[in-house]
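Participant: Residue numbers (my numbering): 156 to 585.
Backbone N, C-alpha and C define an ideal beta-carbon position, used for all residues, glycine too.
Would you mind keeping the following structure in view while I ask a few things?
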């Protein structure tokens, strides 16, 4: 589109140069440690997947064993990661039917473990370790003597030097890449067409798969925001004015950087990330919707806490590869970001104006913080916290279809106003 063309050309040149230099000097993260999740790939019926029925830990701080009961044998891959100390186990898609709370208790070398879907066809178990440890043994037992097939991992205490040496070279702390592969793209559906000049909007329901987000009783943030995101997509598409891409349409884990890449590779005109916050009990109560834009300095302590929490999402998925721009592209990126920040703030104000007519807003509804998911330098982006699942009133709204419909309507109106004003200022694309 015309209003993005100028700085996108400069930015692309700078990023390509930066990526080329970086690939020569340092190398990039391997595909094995950065699985490519398809945001909209269909997921087959769970009945066809292996079933995990129980999991447990045994042992002590020297040696600890993990056992997972399955209904059939599976292939798997296990590997360690540093800072923090973790072990990741990648599996084919598994139907986890484990009791509530399994994985939250510490035992021996394992602080806790979590599990879930990380991409269509792929599941993951992530172990948070108490310190450096190696995978001394790992195997799958056949069913025998009325016992089911079992996946077994045996952890053994080692020192940090030995732990670092056990890592793949690209995952060793002293060798870990510090820049992004700027021209890489994820397997996003090719939804854009050269002849379609309508603005493209990316809707990003937060969390998903192994990352549940915040939770209150049986209600999980990942499900609440997905339902809202799908409803917003349907409302926007119904107008016929825009094209819409979702970063996820099902219960799939999408790394933060891949969410940003969806927007950048699709040449999005707007990126809207949807979340629902929660406050720890010790921090009291809060309510209402909040709209965040990107800033290096958080607008208040709560914004800083939230950004820190959200930016750890990739560590929850087991792999945490932070993308930072190189010095080569800093100037060009800064130029693009200044314009992008202006449009992001403009949309945030419009969104607040529309939402406050039908939705309860936070006492400080406009905030800023360093959210990684908002860091596309050339795509205006906002993160919307619909409310607090830790607040009874907000939670009642979040599960209400009537509230969802009103809120979606106000956001759709803000989008209409934003693009009407922007196109009036810039003029139609040529």
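If contact is defined by three or more beta carbon pairs under 8 Å, each pair taking one atom from either stretch, is the region 239-248 in contact with the region 279-293?
Facilitator: yes
Participant: Is there contact here, the region 385-392 with the region 289-296, by at least three beta-carbon pairs under 8 Å?
Facilitator: no
Participant: If residue 355 sits next to residue 398, beta carbons under 8 Å apart, how far is it from one beta carbon to the other, in whole angstroms?
Facilitator: Here residue 355 is taken as the residue at index 200 of the chain shown, counted from 1. Here residue 398 is taken as the residue at index 243 of the chain shown, counted from 1. The Cβ separation is near 5 Å, so the contact holds.
Participant: Out of curiosity, what's the CA-to-CA distance linking residue 252 and residue 501?
Facilitator: As a first step, residue 252 must be located in the chain shown, where it is residue number 97. As a first step, residue 501 must be located in the chain shown, where it is residue number 346. Between residue 252 and residue 501, the C-alpha separation is close to 46 Å.
Participant: Run through DSSP, which three-state label would residue 578 get?
Facilitator: Taking the first residue of the chain shown as 1, we reach residue 578 at position 423. Note: residue 578 maps to helix in three-state DSSP.
Participant: Given this structure, state the Cα-to-Cα distance separating residue 306 from residue 222, to the nearest angstrom.
Facilitator: For the purposes of this step, residue 306 is taken as the residue at position 151 of the chain shown. For the purposes of this step, residue 222 is taken as the residue at position 67 of the chain shown. Their backbone Cα atoms lie some 6 Å apart in a straight line.
Participant: Going by C-alpha distance, which of 236, 563, 393 and 215 is nearest residue 429?
Facilitator: Locating residue 429 in the chain shown gives position 274, where the first residue counts as 1. Closest option to residue 429, Cα to Cα, is 563.
Participant: Can you grab the Cα-Cα spacing for the pair residue 434 / residue 212, in whole Å?
Facilitator: Your numbering for residue 434 matches position 279 in the chain shown. Your numbering for residue 212 matches position 57 in the chain shown. Roughly 31 Å between the two C-alpha positions.
Participant: Which residues in the same chain as residue 230 place their Cβ atom closer than 7 Å to its Cβ, once the five residues preceding and following it in sequence are excluded?
Facilitator: Along the chain shown, read from residue 1 onward, the residue named residue 230 stands at position 75. Within the same chain, residue 230 has close Cβ partners 247.
Participant: I need the straight-line Cα distance from residue 227 to residue 358, nearest angstrom please.
Facilitator: Position 72 of the chain shown, counted from the first residue, corresponds to residue 227. Position 203 of the chain shown, counted from the first residue, corresponds to residue 358. Here the alpha carbon of residue 227 sits roughly 38 Å from the alpha carbon of residue 358.
Participant: Quick one: grab the DSSP three-state call for residue 381.
Facilitator: Numbered from its first residue, the chain shown carries residue 381 at position 226. Three-state DSSP puts residue 381 in a helix.
Participant: Decide yes or no for the touch test of the region 405-424 against the region 532-550: beta carbon pairs closer than 8 Å, at least 3 of them.
Facilitator: yes
Participant: What three-state label does DSSP hand residue 248 in the structure shown?
Facilitator: Locating residue 248 in the chain shown gives position 93, counting from the first residue. Correct three-state label for residue 248: coil.
Participant: Identify, in the order they occur along the chain, each residue of the same chain with its Cβ nearer than 8 Å to the Cβ of residue 471, setting aside the five sequence neighbours on each side.
Facilitator: Looking up residue 471 in the chain shown gives position 316. Excluding the 5 residues flanking it on each side, residue 471 has same chain C-beta neighbours closer than 8 Å at 269, 281, 365 and 366, in chain order.
Participant: Tell me whether the region 548-557 and the region 446-465 touch, counting them as touching only if at least three CB pairs, one residue from each stretch, are closer than 8 Å.
Facilitator: no
Participant: Would residue 550 and residue 376 be called neighbours here (beta carbons separated by less than 8 Å)?
Facilitator: As a working note, residue 550 is residue 395 in the chain shown. As a working note, residue 376 is residue 221 in the chain shown. In this structure, residue 376 does not lie closer than 8 Å to residue 550 by Cβ.
Participant: Residue 249 and residue 304 - do their beta-carbons sit closer together than 8 Å?
Facilitator: Here residue 304 is taken as the residue at index 149 of the chain shown, counted from 1. Here residue 249 is taken as the residue at index 94 of the chain shown, counted from 1. Their beta carbons are not under 8 Å apart, which means residue 304 does not touch residue 249 by this criterion.
Participant: Determine whether the beta carbon atoms of residue 446 and residue 401 lie at a separation below 8 Å.
Facilitator: Taking the chain shown and counting its residues from 1, the one referred to as residue 446 is at position 291. Taking the chain shown and counting its residues from 1, the one referred to as residue 401 is at position 246. Not closer than 8 Å, so no.
Participant: Contact check, residue 443 vs residue 518 under 8 Å by CB: the rounded distance?
Facilitator: The residue labelled residue 443 in the question sits at position 288 within the chain shown. The residue labelled residue 518 in the question sits at position 363 within the chain shown. Rounded, the Cβ-Cβ distance is 7 Å, consistent with contact.
Participant: So, is residue 215 buried or exposed, given that buried needs 16 or more other C-beta atoms within 10 angstroms?
Facilitator: On the chain shown, residue 215 is found 60 positions in, with the first residue counted as 1. The residue is exposed, with fewer than 16 neighbouring Cβ atoms inside 10 Å.
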